[in-house]
Amino acid sequence: MNKATTNAIDFHTEIATEFDQRYAVSKAFSERFAVWTRLFERYISPTDNVLDIGCGSGIFSHYLARKGCSVTGIDGSPEMIRLATQKQPLTTARFEVQALPLTNTTGYAGQDVVIASSLFEYIANMPALLQQVRLVLKTNGLFIVSMPNQTSFYRHLERFMFRLTGFPRYFSYIHNVSTVTNFNQQLGALGFDLVETEYFAGHDPVSRVLKFALPKKYVNNLFVGVYRKR
Numbered sequence: 000m001n002k003a004t005t006n007a008i009d010f011h012t013e014i015a016t017e018f019d020q021r022y023a024v025s026k027a028f029s030e031r032f033a034v035w036t037r038l039f040e041r042y043i044s045p046t047d048n049v050l051d052i053g054c055g056s057g058i059f060s061h062y063l064a065r066k067g068c069s070v071t072g073i074d075g076s077p078e079m080i081r082l083a084t085q086k087q088p089l090t091t092a093r094f095e096v097q098a099l100p101l102t103n104t105t106g107y108a109g110q111d112v113v114i115a116s117s118l119f120e121y122i123a124n125m126p127a128l129l130q131q132v133r134l135v136l137k138t139n140g141l142f143i144v145s146m147p148n149q150t151s152f153y154r155h156l157e158r159f160m161f162r163l164t165g166f167p168r169y170f171s172y173i174h175n176v177s178t179v180t181n182f183n184q185q186l187g188a189l190g191f192d193l194v195e196t197e198y199f200a201g202h203d204p205v206s207r208v209l210k211f212a213l214p215k216k217y218v219n220n221l222f223v224g225v226y227r228k229r
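For the sequence shown, position 183 matches number 182 in numbering that gives the first Met the number 0, and the numbering has no gaps at all.
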């Protein structure tokens, strides 16, 4: 492991270009894009103000800006934001380097939608950031968020392999995994109502075999939920 890579922000800065390119070459990333954009088309209007936290290289921010939304993308990695900004002439999305949870939410109030793709697993203080999401959303605003699926068979295997080998590298930065039931309860306690949940991400060799014998919640490594603020 690169000695300079000491936290999730450093790690994602190191892999930023590779991460961005995966959307063009990876079946798993193509599936992620398809799942998320279906939800965007179903729930997000062209007039919405959208905050994309953990925006990475900006693929979803730019998609929503092209749809007509007013979009702000935030990420802790300067390299991810550099890549997102390089694409900026294509859309009106704006981007900021900000660590999460935010030090101040005042400038982000009044959002119609907050999205967070593959972010919360890396956040040590997840309750604080969830509270901030609630603060910046309007009443009846939507929160669309993915989490690692704790019931996935591969997630258990992944943990075992990491203890043995130190791979996959990203696992050392994971703070949170959850079941759908537990995550729904956590958000419900914060004042969110579940609208829809979808399991996805089963392209690893183990899940590709097991999907013929087991329900989705055991063979898909991620879930994405749509929640409405009460």
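Glycine included, C-beta positions come from ideal geometry on N, C-alpha and C.
- 9 Å or more divides the Cβ of Leu-129 from the Cβ of Arg-227.
- Shown here, Gln-131 sits in a helix according to DSSP, grouped into three states.
- For the pair Tyr-22 and Phe-28, the Cα-to-Cα distance works out to about 5 Å.
- Note that the C-beta distance between Tyr-42 and Val-135 is not below 9 Å.
- Cβ neighbours of Phe-10 within its own chain (closer than 8 Å, five residues either side excluded): Thr-4, Arg-168, Tyr-169 and Tyr-172.
- In this structure, Met-146 sits near Phe-182, with a CB-CB distance shorter than 9 Å.
- Around the CB of Leu-163, fewer than 16 other CB atoms lie within 10 Å, so the residue is classed as exposed.
- Short of 7 Å from the beta carbon of Phe-211, and not among the five residues preceding or following it, lies no beta carbon of its own chain.
- Taking 9 Å as the cut-off, the Cβ atoms of Gly-190 and Ser-116 do not count as close.
- Under the three-state reduction of DSSP output, Asn-220 falls in the coil class, being neither helix nor strand.
- By the Cβ test, the region 96 to 106 is in contact with the region 69 to 86, since at least three Cβ pairs between them sit closer than 8 Å.
- For the set Ser-69, Thr-84 and Gly-224, the Cα lying nearest the Cα of Glu-195 is the one of Gly-224.
- Between the alpha carbons of Ile-122 and His-174 lies a gap of roughly 6 Å.
- If you draw a 10 Å sphere on the C-beta of Asp-19, you find 16 or more other C-beta atoms in it, and that means buried.
- Counting every other CB atom within 10 Å of its CB across the protein chains shown gives Phe-166 a total below 16, marking it as exposed.
- In the structure shown, the three-state DSSP call for Gln-110 is strand.
- In the structure shown, Lys-66 adopts helical secondary structure according to DSSP, grouped into three states.
- Here Thr-84 carries a helix assignment [DSSP, helix/strand/coil].
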